[in-house]
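Heads up, the thing below is written out as structure tokens.
2 protein chains.
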Amino acid sequence: MNEPTRLSWTDVRDKIRARILSRTYGPGDKLPRDEDIAQEFGCARTTVHRAMQDLSQIGLVERKRKGGTHVRLDPVTRATFDIPITRREVEQRGSKYDYQLISREMEQTPLPVMARFGIQRPVEMLRIKALHLADNCPYIFEDRWVDTRSNADILDADLIRESANEWLVRNKPYSRVDVRFYAMNAEGESAEYLSTREGTALFVIERTTWIGDDPITTVQAVAAPGYQLLAQG
Amino acid sequence: MNEPTRLSWTDVRDKIRARILSRTYGPGDKLPRDEDIAQEFGCARTTVHRAMQDLSQIGLVERKRKGGTHVRLDPVTRATFDIPITRREVEQRGSKYDYQLISREMEQTPLPVMARFGIQRPVEMLRIKALHLADNCPYIFEDRWVDTRSNADILDADLIRESANEWLVRNKPYSRVDVRFYAMNAEGESAEYLSTREGTALFVIERTTWIGDDPITTVQAVAAPGYQLLAQG
DNA sequence: AAGATTAATATGTAGATACATAATAATGTC
DNA sequence: GACATTATTATGTATCTACATATTAATCTT
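If you read the sequences in order, they're chains R and Z. Residue numbers for the first sequence follow our numbering, beginning at 431 and rising by one. Residue numbers for the second sequence follow our numbering, beginning at 431 and rising by one.
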């Protein structure tokens, strides 16, 4: 008998989305003005606006000033994923985490690494190779370069106990990150450390971070055979 | 002499983020109340709230009622990526797009496919194999299953001219999508159609979509050697 | 002192209002 | 008719107000 509760912006969003999915508003169609929708639902324009913002971010609709709101013609599949620190990832699977430092040396950056950072000239950087283990099995082999010009303090860090991965996450927040996925055949070091035979297809995550315009670090993280990355849409 | 313009919520977000990056607010620290920040910046609490919502979504801070706002201890790398329809992806690279239907048959779903959909019993579905080409070179080989119970109309579609990929995107909006990435060695069909030799490491994108609880389609899209997926954080 | 009740507090949400901004449509000028 | 100017319109943003909700802190019972 009583009016249950007022509509929240998430309710409005879900109602509109339902209409798009059910083809009440088909691909390319123009939606009514926020104000009209607000009136129909008996809520404020602000609430509709908030809902629309979300739908727009998800990629279901496109909005333009004066132009109005349109259902996208070719909706893209937009998904987000989290890359936690490796220890946490392993522990969340219920496995025992271990970490092993393989090497730690100053080296000149080769061309591919310079390309990742977008720098023109080779620089001396700290190169760290390490292995992450889950239940005593190789999990991820990482080959990392750290720019010591802006991160000199990592030279004092105890990278035998704590992985560079964790140290950096804890001590070096970044303002920009590039992530890149691809597949590669196991060879040499990666085959050796992940204890698989050469040629096995391996999943690779490459991450490069900056603070402002200064490079922080770039990692090539090669996962053990069978690794899958999940994302939710 | 004049007050330039009022602060927008994005300004506030950027200012707070800058403070987190510069360690004014370190990991785990508690931030001032929204209201105090608002007063400091000379804006309304609503504006600060909007900024904080964003920072919270990005994963930089955590908020709790009464508990206040805290900088996250182990910030995860959160990135989003778009998977456009393949034609668009190819054309955006400036290449000529082509598409080739390989096969199209009704088949019983095998166990791995049932697992992707989360169904218990085998079902007759439409299985479509196709090849996407960029500048006449194999680009993506897809092996797709479509549930014809809820999508009977695809049986009438002309899948020689238009790819199932595009037809589905245009005609079957989904409410949920699972995305999964992994690496596999080329073998048999994948090696043949992507014209590479067996064993080559290939990047695989597996996507499954539902509308409500009803399965729509699942695809295994195997990319040609060298393919990389980029995401922006 | 343990447990239940109540108050205090910071964030979350909705609404009303006012104005800003971008894009389109209408109009006027030559 | 081509081009510049001016309205119109729908979304974007900021503020104030009021109340909701979750969580912690304080207080009262027994």
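For each residue, glycine too, the CB sits at the ideal point set by N, CA and C. Just so it is clear, the structure is predicted and the values come from calculations on it, not from any experiment.
For residue i, tell me which candidate among the options has the shortest Cα-Cα distance.
i: R:Ile467; options: R:His479, R:Pro603 and R:Ala594; result: R:His479
i: Z:Val501; options: Z:Tyr612, Z:Gln487 and Z:Asp512; result: Z:Gln487
i: R:Ile570; options: R:Ala621, R:Arg579, R:Val576 and R:Ile590; result: R:Ala621
i: Z:Gln650; options: Z:Gly456, Z:Ser525, Z:Ala587 and Z:Glu636; result: Z:Glu636
i: Z:Pro462; options: Z:Gly489, Z:Asp484 and Z:Gly497; result: Z:Gly497
i: Z:Leu556; options: Z:Gln550, Z:Thr539, Z:Arg523 and Z:Lys445; result: Z:Thr539
i: Z:Leu503; options: R:Arg495, R:Leu598, R:Ser625 and R:Pro552; result: R:Leu598
i: Z:Tyr657; options: R:Met614, R:Gly642, R:Tyr657 and R:Asp643; result: R:Met614
i: Z:Cys567; options: Z:Asp643, Z:Arg518, Z:Ala653 and Z:Pro457; result: Z:Ala653
i: R:Glu535; options: R:Phe471, R:Leu490, R:Thr578 and R:Gln550; result: R:Thr578
i: R:Glu572; options: R:Met482, R:Pro457 and R:Phe633; result: R:Phe633
i: R:Tyr623; options: R:Gly642, R:Ala545, R:Pro552 and R:Ser533; result: R:Ser533
i: R:Tyr455; options: R:Glu470, R:Asp586 and R:Leu490; result: R:Leu490
i: R:Arg606; options: R:Glu619, R:Arg449 and R:Ile641; result: R:Ile641
i: R:Asp643; options: R:Glu619, R:Ile549 and R:Glu592; result: R:Ile549
i: Z:Asp608; options: Z:Ala587, Z:Glu619 and Z:Ala545; result: Z:Ala545
i: R:Lys602; options: Z:Glu470, Z:Thr440 and Z:Arg453; result: Z:Arg453
Could you please give the first and the last residue of the uninterrupted beta strand (DSSP E) stretch that includes residue i?
i: Z:Asn615; result: Arg606 to Asn615
i: Z:Ile570; result: Cys567 to Val576
i: R:Glu492; result: Val491 to Lys494
i: Z:Ile584; result: That residue, Z:Ile584, is in no beta strand (DSSP E); it is neither H nor E in DSSP.
i: R:Glu470; result: Note, R:Glu470: premise wrong, no beta strand (DSSP E); alpha helix (DSSP H) at Asp464 to Phe471.
i: Z:Glu638; result: Note on residue identity: the sequence assigns Thr, not Glu, to residue 638 of chain Z. Unbroken beta strand (DSSP E) run through Z:Thr638: Ala631 to Ile641.
i: Z:Ser660; result: Residue 660 of chain Z is actually Leu in this sequence, not Ser. Per DSSP, Z:Leu660 belongs to the beta strand (DSSP E) from Leu659 to Gln662.
i: Z:Val652; result: Asp644 to Ala653
How about residue i and residue j: are their beta carbons less than 8 Å apart?
i: Z:Val543; j: Z:Thr648; result: yes
i: R:Val576; j: R:Ala594; result: yes
i: R:Thr639; j: R:Tyr604; result: yes
i: R:Ile646; j: R:Asn581; result: yes
i: R:Arg473; j: R:Val442; result: It should be noted that the sequence gives Cys, not Arg, for residue 473 of chain R. Result yes, Cβ atoms of R:Cys473 and R:Val442 sit closer than 8 Å.
i: Z:Asp464; j: Z:Arg475; result: yes
i: R:Leu451; j: R:Thr477; result: no
i: Z:Ser525; j: Z:Asp565; result: yes
i: Z:Pro457; j: R:Arg600; result: yes
Spatial neighbours of residue i within its chain, please: C-beta separation below 7 Å, excluding the five flanking residues on both sides.
i: R:Ala509; result: Ala661, Gln662 and Gly663
i: R:Arg493; result: Met482, Ser486 and Thr499
i: R:Trp439; result: Thr477, Arg480 and Ala481
i: Z:Ala587; result: Trp597
i: Z:Arg449; result: Tyr455
Which residues in the same chain have their Cβ closer than 6 Å to the Cβ of residue i, if we skip the five residues on either side of it in sequence?
i: Z:Glu433; result: Per-residue confidence for Z:Glu433 stands at a pLDDT of 40, beneath the threshold of 50, marking its modelled position as unreliable; the derived number appears in the next sentence. None.
i: Z:Leu563; result: Asp528 and Tyr569
i: R:Ile590; result: Leu531
i: Z:Glu596; result: Ile515
i: Z:Thr630; result: Ala616 and Pro655
i: Z:Thr626; result: Ala616 and Pro655
i: Z:Met431; result: In this predicted model, Z:Met431 has a pLDDT of only 35, less than 50, meaning its place in the structure is not dependable enough to derive any value.
i: Z:Glu537; result: Arg557
i: Z:Lys460; result: Gly498 and His500
i: R:Arg517; result: Tyr527
i: Z:Phe547; result: Pro645
i: R:Val553; result: Thr539
i: Z:Arg610; result: Glu636
What residues are listed by DSSP as bridge partners for residue i?
i: R:Ser533; result: R:Lys559
i: R:Phe547; result: None; R:Phe547 has no bridge partner.
i: R:Gln538; result: R:Glu554
i: R:Thr499; result: R:Arg493
i: R:Lys526; result: Its beta-bridge partners do not exist; DSSP assigns none.
i: R:Ile513; result: Z:Thr507
i: R:Lys460; result: R:His500
i: R:Ala564; result: R:Tyr527 and R:Cys567
Leaving aside the five residues before and after residue i along the sequence, list all residues of the same chain whose C-beta is less than 8 Å from its C-beta, in chain order.
i: Z:Phe511; result: Leu659, Leu660, Ala661 and Gln662
i: Z:Asp444; result: none
Which residues mark the beginning and the end of the alpha helix (DSSP H) in which residue i is found?
i: Z:Lys445; result: Trp439 to Leu451
i: Z:Tyr455; result: Where Z:Tyr455 is concerned, there is no enclosing alpha helix (DSSP H), given that its DSSP letter is neither H nor E.
i: R:Ile488; result: Arg475 to Ile488
i: Z:Leu598; result: Ala594 to Asn601
i: R:Ser664; result: Lying outside 431 to 663, the shown extent of chain R, residue 664 of chain R is not represented and no answer is given.
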